[in-house]
Amino acid sequence: MKELHHPHQDDALEVLKNAKTVAVVGISPDPERPSYYVSERVINKGLHRVYFVNPKYAGQEILGIKVLSSLEEVPEPIDIVNVFRNPAHIEPIFEEALKVGAKCVWLQPGCENMEVIEKYKDKIKVVWNACIGVEAGYL
Numbered sequence: 077m078k079e080l081h082h083p084h085q086d087d088a089l090e091v092l093k094n095a096k097t098v099a100v101v102g103i104s105p106d107p108e109r110p111s112y113y114v115s116e117r118v119i120n121k122g123l124h125r126v127y128f129v130n131p132k133y134a135g136q137e138i139l140g141i142k143v144l145s146s147l148e149e150v151p152e153p154i155d156i157v158n159v160f161r162n163p164a165h166i167e168p169i170f171e172e173a174l175k176v177g178a179k180c181v182w183l184q185p186g187c188e189n190m191e192v193i194e195k196y197k198d199k200i201k202v203v204w205n206a207c208i209g210v211e212a213g214y215l
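First residue of the sequence shown? That's 77 in this note's numbering, and the numbers climb one at a time after it.
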């Protein structure tokens with residue numbers, strides 16, 4: 077497989093700058109988990125509408141936001157699907173993101189699956205090798 081060029085962080089920042097809605101897939105109620113504290117940082121910036129998706133916690137509230145069971149439940153167009161999941165489980169998220177017309181899938185560090193990225197990079201914008209919480213700090 078050919079080596080994939082990962083997007084430069086300016087690209088990540090540009091994606092975040094132009095986004096209005098972020099759907100976080102794999103949110104956890106545990107404040108020690110990156111999905112929690114990174115999402116908290118994005119929310120505190122106040123620049124995006126944030127939705128949480130995790131079937132395990134659907135109906136519960138995390139950081140004051142009701143958790144949805146799927147991307148299909150997000151009531152508006154999604155600019156960024158921000159993924160906190162094991163790389164082995166990300167392909168269905170790409171499928172669902174395409175199905176709902178999301179503009180970008182952002183794989184948090186540690187969630188990258190190069191085979192899946194290669195398969196979908198021509199169908200949807202993919203950002204990886206950048207943390208959305210760090211990038212939000214630059215906005």
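Even glycine gets a Cβ: it sits at the ideal position worked out from N, Cα and C.
Below 8 Å on the Cβ atoms is my guess for N130 versus V143; work out the distance and round it to an integer in Å. 6 Å
Proximity of C180 and K195 at Cβ, strictly below 8 Å: no
Test item: CB-CB of I166 and T97 under 8 Å: no
For Y112, is the classification buried or exposed, using 16 other Cβ atoms within 10 angstroms of its Cβ as the cut-off for buried? buried
Assign A212 to one of three DSSP states: helix, strand, or coil. helix
Within 10 angstroms of its Cβ, does L215 collect 16 or more other Cβ (buried), or is it exposed? Classification for L215: exposed.
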